[in-house]
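Be aware that the sequence shown starts at 46, since it is given in this note's numbering, and climbs by one per residue. Here's the structure, in structure tokens; my notes come after.
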Amino acid sequence: MVDSLPQPGADAQLAQDFVEFAVEAGVLRFGQFTTKAGRISPYFFNAGLFDDGAKMARLSEFYAKAILASGVAFDMVFGPAYKGIPLAATVAVELARQGKNVPFAYNRKEAKDHGEGGSLVGAPLKGRVLIIDDVMSAGTAARESIALIKGAGAIPHAMAIALDRQEKATENGKDVAHSAVQYVRDQLGMQVCTIARLEDLLAFLAQGPAAESMREHHSQVLAYRERYGVGN
């Protein structure tokens, strides 16, 4: 286990703007949803519903602003298949627009046995790699990306995700005291940059422009956090 790393903090206003955007886009929804861990969650974040050019452009702007503001050092970005692929591509474009032009790459789920072959597409993996994904639930995808990056001789240095659910991970079907983000940070020694966290969602539900109509959702999300939540 490594010493706990100081983590890049999301800008409070950027986080609030992102939560509002995700709600308006229908990406962040409220109701009853079953998570991979089998929990009944009162909210669900589905980045696959950022499904048109305007939404992806704005999403990549949030990522780029959060990444640059965090001060995380990196030489290139990597998008794990499948949701990470469009994220890495559009975030690389937005980073270049904001003055930091870096290579990007992604992987295939199945290795290609013709043409250029292999499972990697894009720039060669080298230097400090920033992995870009939507959320982390169990940390499994992160471990797979880390192994792939190390196998190519590069350094899996940091991750950027849209939303940190700040809830207990599960191992062998049982809740553990840490979240997937904390595992990647404290056990794997990587920095994790987030646009927003569960605490930002709670703040939006309590104080945002639609707080009055969101009161019921706030109480349900708060109860969920009290049962499954972890600290920062």
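Note that the Cβ used here is the ideal one computed from N, Cα and C, for glycine as well.
Asked, Found
"Taking contact to mean 3 or more Cβ pairs, one atom from each stretch, closer than 8 angstroms, check whether the stretch 265-276 and the stretch 232-241 are in contact.", "no"
"Taking the beta strand (DSSP E) that Q236 falls in, what are its first and last residues?", "236-242"
"Considering only C-alpha positions, which residue in the set S86, A109, E65, A102 is nearest to Q143?", "A109"
"Is it true that the CB of F123 sits closer than 8 angstroms to the CB of L59?", "no"
"My output table needs one value for A187: the three-state DSSP class, helix, strand or coil.", "helix"
"Tell me the rounded alpha-carbon separation between R153 and L193.", "11 angstroms"
"Going by the beta-carbon positions, is the gap between N91 and V72 smaller than 8 angstroms?", "yes"
"Out of R103, L208, A225, I206, which one is the CA nearest neighbour of T215?", "A225"
"Is it buried or exposed, G218, if we count other Cβ atoms within 10 angstroms and call 16 or more buried?", "exposed"
"Compare the C-alpha of T80 against each of L208, V221, M259, S182 and name the closest.", "S182"
"Just mark Y228 as buried or exposed, buried being the case when its beta carbon has 16 or more other beta carbons within 10 Å.", "buried"
"Can you give the Cα-Cα distance for D62 and A248, rounded to whole angstroms?", "11 angstroms"
"Less than 7 angstroms between C-beta atoms, sequence neighbours within five positions excluded: which residues of the same chain meet that for R84?", "Y273"
"Relative to the alpha-carbon of A207, which residue among M121, F78, F89, K195 has its alpha-carbon at the smallest distance?", "F89"
"Flag A102 as yes when its Cβ comes closer than 7 angstroms to any non-hydrogen atom of the ligand HEM, and as no otherwise.", "The ligand content of the structure shown is nil, which means the ligand HEM is not present either."
"Using DSSP with H/G/I as helix, E/B as strand and the rest coil, what is L59?", "helix"
"Which full runs of the alpha helix (DSSP H) of 4+ residues lie inside the stretch 96-157, going along the chain?", "98-115, 129-142"
"If you follow the beta strand (DSSP E) that H263 is part of, which residue opens it and which one closes it?", "That residue, H263, is in no beta strand (DSSP E); its alpha helix (DSSP H) goes 260-273."
"Under 8 angstroms between C-beta atoms, does G116 make it to chain D?", "This model lacks chain D altogether; it includes just one protein chain."
"Can you check DSSP and say which residues form a bridge with R173?", "I200"
"Look at K128 and D178 and say whether their C-beta atoms are less than 8 angstroms apart.", "yes"
"Is DSSP giving E69 helix, strand or coil here?", "helix"
"Let me know the secondary structure DSSP gives Q77 once reduced to three states.", "strand"
"Between which two residues does the beta strand (DSSP E) harbouring P4 extend?", "Outside the modelled stretch of the chain, which goes from 46 to 277, sits residue 4, for which no answer is possible."
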